[in-house]
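Asks:
Residue numbers (our numbering): 31 to 314.
1. With a cut-off of 8 angstroms on the beta carbons, I'd call residue 146 and residue 67 a contact; round off their distance for me.
2. Straight-line CA distance for residue 69 to residue 139?
3. Following the continuous alpha helix (DSSP H) through residue 58, name the residue where it begins and the one where it ends.
4. Can you look up residue 164 in the DSSP assignment and give me helix, strand or coil?
5. So, for residue 143: in the same chain, excluding its five sequence neighbours on each side, which residues have a beta-carbon less than 6 angstroms away from its beta-carbon?
6. Give the single residue among 163, 53, 176 and 62 whose Cα lies nearest to the Cα of residue 132.
7. Please report the straight-line C-alpha distance between residue 292 and residue 255, rounded to a whole angstrom.
8. Would you call the stretch 215-235 and the stretch 276-289 in contact, with 3 or more CB pairs under 8 angstroms?
9. For residue 259 versus residue 243, is the C-beta spacing smaller than 8 angstroms?
10. Expressed to the nearest angstrom, what Euclidean distance is found between the alpha-carbon atoms of residue 56 and residue 215?
11. Quick one: grab the DSSP three-state call for residue 154.
12. Residue 44 by DSSP, collapsed to three states: which one?
13. Report the rounded CA-to-CA distance for residue 238 versus residue 63, giving the unit in angstroms.
14. CB-CB under 6 angstroms to residue 141, same chain, minus the five flanking residues each way: which ones, in chain order?
15. Is it true that the CB of residue 223 sits closer than 8 angstroms to the CB of residue 240?
16. Skipping 5 residues on each side, what residues in its chain have a beta carbon closer than 7 angstroms to that of residue 42?
17. Is DSSP giving residue 305 helix, strand or coil here?
18. Assuming residue 280 and residue 72 form a contact by the criterion Cβ under 8 angstroms, report the distance between their Cβ atoms to the nearest whole angstrom.
19. For residue 152 versus residue 53, is the C-beta spacing smaller than 8 angstroms?
20. Measure how close the beta-carbons of residue 4 and residue 178 come, nearest whole angstrom, since I'm counting them as under 8 angstroms.
21. Can you give the Cα-Cα distance for residue 313 and residue 205, rounded to whole angstroms?
22. Look at residue 290 and residue 250 and say whether their C-beta atoms are less than 8 angstroms apart.
23. Which same chain residues end up closer than 7 angstroms to residue 44 when comparing Cβ atoms and leaving out the 5 residues on each side of it in sequence?
24. Alpha carbon to alpha carbon, what distance is there between residue 278 and residue 207?
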């Protein structure tokens with residue numbers, strides 16, 4: 031039987047690995063890259079809300095309705111989610127511009143994905159791709175994310191409606207929420223893994239790519255819950271930001287979520303380097 035080499039048992043929880051990840055996070059400027067990602071995504075939210083508002087208006091005019099208050103907006107901190115919901119009712123008659131605003135969302139939001147793809151290549155020490163190729167990949171990933179988000183939102187709405195009409199007991203409803211959260215963690219993990227794989231262009235093994243993808247997913251969901259709870263119960267954002275409280279909250283949440291994605295990629299790179307699967311990178 032072949033004995034495991036020391037490098038094969040290196041884990042993400044090893045103190046030396048964690049220190050290296052923290053050091054490389056600063057060296058590679060991941061905080062600044064996360065800021066750029068958050069800003070691009072924030073700009074993309076404006077046309078997305080316009081498109082969602084148009085859908086809400088169309089459903090209302092055709093005698094149907096959709097519960098936006100139980101969709102993926104619940105992942106965002108309270109004030110940020112309220113900002114989004116408050117705008118949905120104001121933009122419900124933009125029939126002519128619906129395709130335009132959807133394209134605007136895809137283009138602006140894909141800027142954040144573009145930054146993520148470029149930063150991951152920097153993390154693993156690969157040369158930059160051309161702008162056109164990176165942008166096309168970013169558009170594809172953003173579109174896929176929108177599709178998955180729409181499916182998750184639909185599932186959340188169905189669960190909410192079943193609970194509202196009494197088709198589910200309270201216990202079954204709570205169990206459904208746990209199942210949806212589990213599915214969300216899995217989907218976000220696979221999304222992160224896909225982004226890392228496409229960005230690196232390497233034949234990564236599952237063991238090489240999944241630790242960072244799972245770490246980023248867990249951190250994203252934890253940050254969403256902790257930050258939302260903090261904002262609702264402890265922080266007095268309105269005292270500092272006034273009417274901009276919701277915008278400030280949303281930006282900070284987007285920044286932390288973006289940073290989690292980049293740190294996950296850094297974790298994969300550090301693990302591969304420590305296990306001897308890739309040559310040491312130049313740090314700085």
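All C-beta atoms, glycine included, are put in the ideal place defined by N, C-alpha and C.
Replies: Let me spell this out:
1. 6 angstroms
2. 9 angstroms
3. No alpha helix (DSSP H) holds residue 58; DSSP gives it neither H nor E.
4. For residue 164, the secondary structure class from DSSP, reduced to helix, strand or coil, is helix.
5. 168, 171 and 172
6. 176
7. 20 angstroms
8. no
9. no
10. 27 angstroms
11. In this structure, DSSP gives residue 154 a state outside helix and strand, which the three-state scheme calls coil.
12. coil
13. 23 angstroms
14. Here residue 141 has 70 as same chain residues with Cβ atoms under 6 angstroms from its own Cβ, once five neighbours each way along the sequence are excluded.
15. yes
16. 241, 245, 297 and 301
17. coil
18. 7 angstroms
19. no
20. Since the displayed the chain opens at 31 and closes at 314, residue 4 lies outside it and no answer follows.
21. Its pLDDT being 48, under 50, residue 313 is placed unreliably by the model, and nothing is read from it.
22. yes
23. Short of 7 angstroms from the beta carbon of residue 44, and not among the five residues preceding or following it, lies no beta carbon of its own chain.
24. Distance between the alpha carbons of residue 207 and residue 278 is about 28 angstroms.
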